[in-house]
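Student: Would you mind keeping the following structure in view while I ask a few things?
2 protein chains.
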Amino acid sequence: MTGNPKLDRLKELLAEVDDLRKAATLLFWDQRVMMPAGGSEARADASATIGRLAHEKFVAKELGALLGDLSEDDYDYDSFEASLIRVTRRDYDKAVRVPPELTGEMRRASALALSAWGPAKDRSDFAALLPHLERNLELRHRYVDCFDPADETYDILLDDYEPLMKTAEVREIFDGLKRDLVPLIKEIGEAGDVDAAFLHGEFDPEAQREFGYTVVRRFGFTDDEWRLDTTQHPFMCSPGERDVRITTNFRPHDLTSVFASMHEFGHGVYEWGVDPSLHRTPLGSGVSLGVHESQSRTWENLIGRSRGFWRFFYPQLQDVFPEQLGPVDEEAFYRAVNKVHPSLIRIDADEVTYNMHIILRFELEQELIESRLAPKDLPGVWNERMDEYLGIGVPDDARGVLQDMHWAGGSIGYFPTYSLGNVMSVQIWERLKEDIGDVDEQMEHGEFGDIREWLGSHLYVLGRKFTPQETIERVTGSRIDAGPYVRYLREKLAPQPA
Amino acid sequence: MTGNPKLDRLKELLAEVDDLRKAATLLFWDQRVMMPAGGSEARADASATIGRLAHEKFVAKELGALLGDLSEDDYDYDSFEASLIRVTRRDYDKAVRVPPELTGEMRRASALALSAWGPAKDRSDFAALLPHLERNLELRHRYVDCFDPADETYDILLDDYEPLMKTAEVREIFDGLKRDLVPLIKEIGEAGDVDAAFLHGEFDPEAQREFGYTVVRRFGFTDDEWRLDTTQHPFMCSPGERDVRITTNFRPHDLTSVFASMHEFGHGVYEWGVDPSLHRTPLGSGVSLGVHESQSRTWENLIGRSRGFWRFFYPQLQDVFPEQLGPVDEEAFYRAVNKVHPSLIRIDADEVTYNMHIILRFELEQELIESRLAPKDLPGVWNERMDEYLGIGVPDDARGVLQDMHWAGGSIGYFPTYSLGNVMSVQIWERLKEDIGDVDEQMEHGEFGDIREWLGSHLYVLGRKFTPQETIERVTGSRIDAGPYVRYLREKLAPQPA
Chain A
63 MTGNPKLDRL KELLAEVDDL RKAATLLFWD QRVMMPAGGS EARADASATI GRLAHEKFVA
123 KELGALLGDL SEDDYDYDSF EASLIRVTRR DYDKAVRVPP ELTGEMRRAS ALALSAWGPA
183 KDRSDFAALL PHLERNLELR HRYVDCFDPA DETYDILLDD YEPLMKTAEV REIFDGLKRD
243 LVPLIKEIGE AGDVDAAFLH GEFDPEAQRE FGYTVVRRFG FTDDEWRLDT TQHPFMCSPG
303 ERDVRITTNF RPHDLTSVFA SMHEFGHGVY EWGVDPSLHR TPLGSGVSLG VHESQSRTWE
363 NLIGRSRGFW RFFYPQLQDV FPEQLGPVDE EAFYRAVNKV HPSLIRIDAD EVTYNMHIIL
423 RFELEQELIE SRLAPKDLPG VWNERMDEYL GIGVPDDARG VLQDMHWAGG SIGYFPTYSL
483 GNVMSVQIWE RLKEDIGDVD EQMEHGEFGD IREWLGSHLY VLGRKFTPQE TIERVTGSRI
543 DAGPYVRYLR EKLAPQPA
Chain E
63 MTGNPKLDRL KELLAEVDDL RKAATLLFWD QRVMMPAGGS EARADASATI GRLAHEKFVA
123 KELGALLGDL SEDDYDYDSF EASLIRVTRR DYDKAVRVPP ELTGEMRRAS ALALSAWGPA
183 KDRSDFAALL PHLERNLELR HRYVDCFDPA DETYDILLDD YEPLMKTAEV REIFDGLKRD
243 LVPLIKEIGE AGDVDAAFLH GEFDPEAQRE FGYTVVRRFG FTDDEWRLDT TQHPFMCSPG
303 ERDVRITTNF RPHDLTSVFA SMHEFGHGVY EWGVDPSLHR TPLGSGVSLG VHESQSRTWE
363 NLIGRSRGFW RFFYPQLQDV FPEQLGPVDE EAFYRAVNKV HPSLIRIDAD EVTYNMHIIL
423 RFELEQELIE SRLAPKDLPG VWNERMDEYL GIGVPDDARG VLQDMHWAGG SIGYFPTYSL
483 GNVMSVQIWE RLKEDIGDVD EQMEHGEFGD IREWLGSHLY VLGRKFTPQE TIERVTGSRI
543 DAGPYVRYLR EKLAPQPA
């Protein structure tokens, strides 16, 4: 109770919306992890109804009227009350602009396109996906038209994933990245190959799962508040507070599941750490995809590919796979899991080249939405740009423009959040190290509690109370800045002078 | 589309309610089977919201107005349209009578009482549960007052579980049962003991699970439309058409899981077999708890405790547990799993004495709701009646009046449906045998397809189109009648003359 009956009523209405979203989250999780295939049709109906009701309840007249009567200026900017009114108003103003019919059309088009994407990718048949991409793009144009004109059209799409971030800001950050990373990739390439052949072989999935549990338990995963399940495409979701669910794909021929588990743990621990006072309100989750990705990358890369981490865990991993890893020493393993090498597939890319995959997509997305590039010309431009940025030829569209599901799903503006996350992760990490000192030594002893608690009390706890930029400034003292990230990559991965 | 715009609109509104109920079902299933304990609080909120919305949508003015405009008499009685209007009207007329506040109070009281029940049972502490039982009873009285006076107060409660069934009818059926079963139990007792000691020992739960899968797969369980999971208290639910979920408790010291799996399969195959044209409407599920139980009992007892079934499956079970069952021949095993012996616990009771447990509860429930018995006097009366009906002394309330959760949950009127199910199961089974002949021979060959298809096309397909009595009459040609059931028990289980 806030002492203000209108605010209390607003909270009540928002709690109802939140409950519906949790039900929708569970319907989604269950579909991906548990549901027998036969349930698809009924599940599509139930998900559509719950999604529609959540939207209807959120854009309801009563809620709008309460927002009209309430003012964030009556409260201290940092207070729960001011944040709740401010963030809800922003969400509401966006939600009421999009007609439910358009939302429905986008959802249907996305479902159809995603169904076409799998087979198109399997057969490397871009023509089969093209009409769907054209349809998605047309609907995105109609979506953009629902909003006031922005500096750049792409701003409106980006805002759905990274609220209040401008395309121009991202471009500046990415231009800096490109300037620094292209030569770094070249230097590393010239320094010669790193042996990582031993990372490909027979790795029993059940043993991988057990090792994954061992790692995330050390990080803070507990059976009474978390689940770890198996899926094709790893993801994290939280169908209720104190109920965090991560999933991983345990591939039998490599160890990527270990890193995927740490990645999803990072997403999970962010949701897990949101201040309980924000629960059941629109403030009760991570603030943006970019900041979320900063945390998945922190646990996957800054921690999970560090020397300290493997000093502690490598002997255990060798015990699990003695045949495969017994002959490989810790340094060789460390270098292999940090090998930088231009490759075709984004999700398998290393810490450095990954960003070039993103920059390529970010540029193509802008060209698409500004009609400077027609969807039919995507494969050609994609292949040219891959050669330009990473120096590799694309043998077929399956391993080129068809590799990701995002565009089939209708998501334009999502990709840049991955690299923004990388950039932010190191800014946050450097602040953390200023406060808690030699984290590498802690990790060498298998201690992750201080790291988790620092991130929790400085970042996770904030939820959506502030904008992503405000959040980053509060945590790090500065705006988003690629400098620390580039320095980190260079220090960690540039060839050492002989 | 029905060609009648008002009926189409009614269907649309009902589909939305059905989607909400499916979401509620999934929230429930997940809570019992998958959810980490930490999620309880958020899940309680989400479930309450979804349940409330489903109710609000169902009792909405528009839906009531459509029912006012539509008439079942405009359609053939057997048609989908007439059934939809008739059944929805009945559900609606009941739903609008109960104020949401009372529903909320009952739900809260039930949740509190269920939380108290576990510890009270563990400590055999009836006094700890008593205030909750008194509160539940008080709320049930208020619930009864929402409806027009009935012949007997108990009728109103019974109607929630066995629609349109009268207490007087049940009493007549149960009086007949009591008259026939009490002497049967005595005869069996005098004939001497059956050895069933080998059913208690070490039975690896994982092996039980595998055997359970083998059995239900033979029955018709397929991975693309079913799930079988582990829970403390076995149940079945279907969070979507073509998505049937059964659960079993695999106890390490006996084989009850095998029968529990078959029992839940029976519930599941009933839901699975409902005519697809009834999906996403109030007609799209089993017609009553009694008829549902008739099917769980059919697959558990009429099939799963038959000679034919074990002729086929016993050698396989022996292969799974060679140490425990190798020395036991088929006849001895058959007699052991059909052993009749008065005992304290309802859920472990045999086919004959089970009904006495139900009759006892049915009588006490009537006395409670008619204020002829005070909740505080329950333990004494319970123990007297156990002595009278089954000739056994109750050592403590944990194994007496506290053993079931139903009354703590606020369910009064539920218990009789178990024995009604037993009675109906044999009526249906006899009709089935008239049509498809020697089912024992089919079962001996592991063939259950004809049985499943006969039950499907005669019973399951009907869903809730007709009342339970109409449904039974359509399937069997007669009203509910205990005669066939008693004859079945006597033929199967009475001591053979020497």
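Those protein sequence lines, which keep their order, are chains A and E.
What the first sequence shows, in the working numbering, is residues 63 to 560, in sequence order.
What the second sequence shows, in the working numbering, is residues 63 to 560, in sequence order.
Quick reminder that beta carbons are idealized off the backbone N, C-alpha and C, glycines included.
Here the structure is a predicted model, which is why all the values come from computation and not from measurement.
Does the beta carbon of Asp337/E come closer than 7 angstroms to any beta carbon on chain A?
Tutor: No, Asp337/E lies away from the interface with chain A (no Cβ there is under 7 angstroms from its Cβ).
Student: Tell me, which residues are paired with Val306/E by DSSP?
Tutor: Val306/E is bridged to Trp288/E.
Student: In chain E, what lies closer than 8 angstroms to Pro344/A by C-beta?
Tutor: In chain order: nothing, as chain E lies at least about 15 angstroms away.
Student: How many angstroms separate the CA atom of Arg397/E from the CA atom of Asp412/E?
Tutor: If you take the alpha carbons of Arg397/E and Asp412/E, they lie about 12 angstroms apart.
Student: Give a yes or no on contact between the segment 430-442 of chain E and the segment 272-290 of chain E, applying the rule of three or more CB pairs nearer than 8 angstroms.
Tutor: With a cut-off of 8 angstroms, the segment 272-290 of chain E and the segment 430-442 of chain E do not count as touching, because too few Cβ pairs lie within range.
Student: Residues of chain A with CB closer than 8 angstroms to the CB of Leu89/E, please, in chain order.
Tutor: By Cβ distance, chain A contributes Ala85 and Leu88.
Student: Using a C-beta to C-beta distance shorter than 9 angstroms, which residues of chain A count as neighbours of Arg289/E?
Tutor: The answer, in chain order, is Met96, Met97 and Pro98.
Student: Could you check what DSSP says for Met298/E in three-state terms: helix, strand or coil?
Tutor: In the structure shown, Met298/E sits in a strand (DSSP, three-state: E or B).
Student: Given this structure, state the Cα-to-Cα distance separating Pro225/E from Leu345/E, to the nearest angstrom.
Tutor: Their backbone Cα atoms lie some 14 angstroms apart in a straight line.
Student: Taking Cβ positions, are Leu351/A and Tyr223/A nearer each other than 7 angstroms?
Tutor: Contact flag set, yes.
Student: Anything in chain E within Cβ reach of Ala108/A, meaning under 7 angstroms, just list it in chain order.
Tutor: The answer, in chain order, is Asp81, Lys84, Ala85 and Gly302.
Student: Within 10 angstroms of the Cβ of Cys299/E, are there 16 or more other Cβ atoms? Answer buried if so, exposed if not.
Tutor: The residue is buried, with at least 16 neighbouring Cβ atoms inside 10 Å.
Student: In the segment 105-130 of chain A, which residues sit with their C-beta less than 9 angstroms from some C-beta in chain E, listed in chain order?
Tutor: Those residues of the segment 105-130 of chain A that come within reach of chain E (Cβ to Cβ, closer than 9 angstroms) are Arg105, Asp107, Ala108, Ser109, Ala110, Thr111, Ile112, Arg114, Leu115 and Lys119.
Student: Touching or not, the segment 541-555 of chain E and the segment 498-517 of chain E, by the rule of three or more beta carbon pairs under 8 angstroms?
Tutor: Touching, no.
Student: Relative to the C-alpha of Arg549/E, which residue among Asp80/E, Gly518/E and Leu246/E is closest?
Tutor: Arg549/E has its Cα closest to that of Leu246/E, out of Asp80/E, Gly518/E and Leu246/E.
Student: Thinking C-beta only, is Tyr451/E closer than 7 angstroms to Gly335/E?
Tutor: The answer is no: Cβ separation not under 7 angstroms.
Student: Please classify Val561/E: does DSSP put it in a helix, a strand, or coil?
Tutor: A query on residue 561/E cannot be resolved here, the shown segment of chain E reaching from 63 to 560 and no further.
Student: Looking at the C-beta of Glu78/E, does it have a partner C-beta in chain A at a distance below 7 angstroms?
Tutor: Yes - at least one Cβ of chain A is within 7 angstroms of the one on Glu78/E.
Student: Suppose you measure from the CA of Arg170/E to the CA of Ile147/E; what does that come to, to the nearest Å?
Tutor: Rounded to whole angstroms, Arg170/E to Ile147/E spans 32 angstroms at the Cα level.
Student: Using a C-beta cutoff of 7 angstroms, does Asp305/A count as contacting chain E?
Tutor: It does: the Cβ of Asp305/A has a partner Cβ on chain E nearer than 7 angstroms.
Student: Of all the residues that make up the segment 268-292 of chain E, which are near chain A by a beta-carbon distance shorter than 7 angstroms?
Tutor: So the list reads Asp285, Asp286, Glu287, Trp288 and Arg289, given in the order they occur along the chain.
Student: Contact check, Thr538/E vs Ile490/E under 8 angstroms by CB: the rounded distance?
Tutor: Right, their Cβ atoms sit about 6 angstroms apart.
Student: Quick test of your reading: Pro301/A and Lys84/A, contact by CB under 8 angstroms. State the CB separation rounded to the nearest angstrom.
Tutor: Contact flag correct, Cβ pair sits at about 5 angstroms.
Student: List, in order along the chain, the chain E residues whose C-beta lies closer than 8 angstroms to that of Asp101/A?
Tutor: The sequence given here places Gly at residue 101/A; Asp does not occur at that position. Chain E residues near Gly101/A: Glu287, Pro301, Gly302, Glu303, Arg304 and Asp305.
Student: Between which residues of its own chain and Val443/E is the CB-CB distance below 7 angstroms, once the five residues before and five after are set aside?
Tutor: Excluding positions up to five away in sequence, the list reads Leu426 and Leu435.
Student: Have a look at Phe375/E and Phe371/A and give me their C-alpha separation to the nearest angstrom.
Tutor: Looking at the two C-alpha atoms, the distance is approximately 53 angstroms.
Student: What in chain E is Cβ-close to Asp92/A, meaning under 9 angstroms?
Tutor: By Cβ distance, chain E contributes Leu88, Trp91, Asp92, Met96 and Pro301.
Student: Helix, strand or coil, according to DSSP, for Leu239/E in the structure here?
Tutor: Helix.
Student: Count the CB pairs spanning the segment 359-371 of chain E and the segment 381-389 of chain E that are closer than 8 angstroms, and state whether there are at least three.
Tutor: Not touching, per the Cβ criterion.
Student: Straight-line CA distance for Asn484/E to Leu128/A?
Tutor: Distance between the alpha carbons of Asn484/E and Leu128/A: 56 angstroms.
Student: With Leu69/E and Glu143/E assumed to form a contact (beta carbons below 8 angstroms), what rounded beta-carbon distance in angstroms separates them?
Tutor: Their Cβ separation, rounded to whole angstroms, is 6 angstroms, which keeps Leu69/E and Glu143/E in contact under 8 angstroms.
Student: For Gly330/E, count neighbouring C-beta atoms within 10 Å of its own C-beta (all shown protein chains included) and say buried if the count is 16 or more, exposed if not.
Tutor: Under this definition Gly330/E is a buried residue.
Student: Distance check for Ile308/E and Glu163/A, CA to CA, integer angstroms please.
Tutor: About 38 angstroms.
Student: Along the alpha helix (DSSP H) that carries Asp512/A, what are the first and last residues, could you check?
Tutor: Here the alpha helix (DSSP H) through Asp512/A covers Gly511 to His520.
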